Structures are given as C-alpha cells and as structure tokens.
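Here the structure is laid out as structure tokens; the discussion comes afterwards.
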Amino acid sequence: MKILITGGSGFIGSRLVADLMALDHEIVIFDKMSSEQYPNMVVPGDVRDRNDLTHALTNVDLIYHLAAEHHDKVRPISLYQEVNVEGTANLITAAEKNGVEKIVFTSTIAIYGLRLNGQDESSTPAPFNEWRLLEKIFPPACLKDQMCTPRVTR
704 MKILITGGSG FIGSRLVADL MALDHEIVIF DKMSSEQYPN MVVPGDVRDR
754 NDLTHALTNV DLIYHLAAEH HDKVRPISLY QEVNVEGTAN LITAAEKNGV
804 EKIVFTSTIA IYGLRLNGQD ESSTPAPFNE WRLLEKIFPP ACLKDQMCTP
854 RVTR
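Just so we're on the same page, the working numbering is the position in the sequence shown counted from 1, plus 703.
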C-alpha cells in the first residue's frame, strides 16, 4: 500500500514511517522540513498549498495527517488556522481529487495540555491551544460530500 504521511519528518512521523516500512508499505513523507532519517522519501511541500498536496497524492492509497502547528508560542497566531484548519481542508480536497478514500487524522501532544506531572495515552484531554478545535471542524468538512467516516485519534 502507498501511504503519504503529512508531517512525516517530525518526532511522531519518523516513528510512524519506521513502523509502516516494517510492514512493507511504500511511504511518501510530505513535509516542509527535510528528514534526517528518510531524506529520499520526502516530497517537500506545505499543507497550505493545495497544488503541492494534489501532486503528492498521486496514486496514494492512505493518508496519515500529522502536519500541524501545535507549539504554544506560534507566531503569527493565524498559523494555527492556516495550517491546522485550512491545511486540513486542502488535504481533504486534494484527497478527493486523487480518489484517496482514507485519511487518518491524529492529534498532537497539545491535546493533553500542560501538566506538571507529565502525561501519557491514558491522560484526560485538556487542550491548551487552538488545535483542539480541529476535531470539530474536520468531521463536518469530511462528511459534506459523504467522503468518509471520521475517526480522530489521540
């Protein structure tokens, strides 16, 4: 299966690449950053550019969407909307154009909030930035044309 991972050069993305490669999948990393571990798999691009996404999704079977602005000091603050919301909308449109039927949307560490005692997968979500709003935006955009059944992972 050919799988595209947005944000695949990041901390979680690089680990996902390794896991999927171990299962013999063909991987494409779509990221504005280069990958130290997998430089030959990177298709440089930005989720804010629908044309970049449309081109990168040629013959892709599945998308893991990890690209996000999630740091609490992102400036300008409009980057949250541009990357996380509009970028996801661009991804959905590009996926539709390429006949990609499955998108796995993932939250970032921001979903757990700021805790002094740390957090893990069992922690209760306590989002601390605008990224939390995307899980409310993604499903309606996805369902607009009955494209998919949304599943938001944490």
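In this text, a Cβ means the ideal position worked out from N, Cα and C, and glycines have one as well.
None of these values were measured; they are calculated from a predicted model.
Helix, strand or coil at residue i according to DSSP, with G and I counted as helix
i, result
"Thr809", "strand"
"Ile780", "coil"
"Ser788", "A quick correction: the sequence has Val, not Ser, at residue 788. Residue state, collapsed to three classes: helix."
"Thr709", "strand"
"Glu729", "strand"
"Tyr773", "It is worth fixing the name first, because residue 773 is His in this sequence and not Tyr. Three-state result, His773: coil."
"Leu719", "helix"
"Asp752", "coil"
"Leu765", "strand"
Residue i classed as buried or exposed, judged by whether at least 16 other C-beta atoms fall within 10 angstroms
i, result
"Phe808", "buried"
"Gly713", "buried"
"Gly802", "exposed"
"Glu739", "exposed"
"Glu772", "buried"
"Ile780", "exposed"
The ligand GDP heavy atom lying under 7 Å from the CB of residue i
i, result
"Val750", "Among the components of this structure there are no ligands whatsoever, and the ligand GDP is therefore not found."
Whole-Å CB distance - residue i paired with residue j, under 8 Å assumed
i, j, result
"Leu875", "Leu756", "Look at the range of the chain in this structure, 704 to 857, and you will see that residue 875 is not part of it."
Residue i vs residue j beta-carbon contact at 8 Å
i, j, result
"Val731", "Ala759", "yes"
"Glu729", "Ile708", "no"
"Lys735", "Gly716", "no"
"Arg751", "Ala797", "no"
"Ala792", "Gly710", "no"
| query | Does the stretch 760-780 come close enough to the stretch 737-747 that 3 or more CB-CB pairs lie under 8 Å? | reply | no
| Counting Cβ pairs, one atom from each stretch, are 3 or more of them under 8 Å apart for the stretch 778-786 and the stretch 715-732? | no
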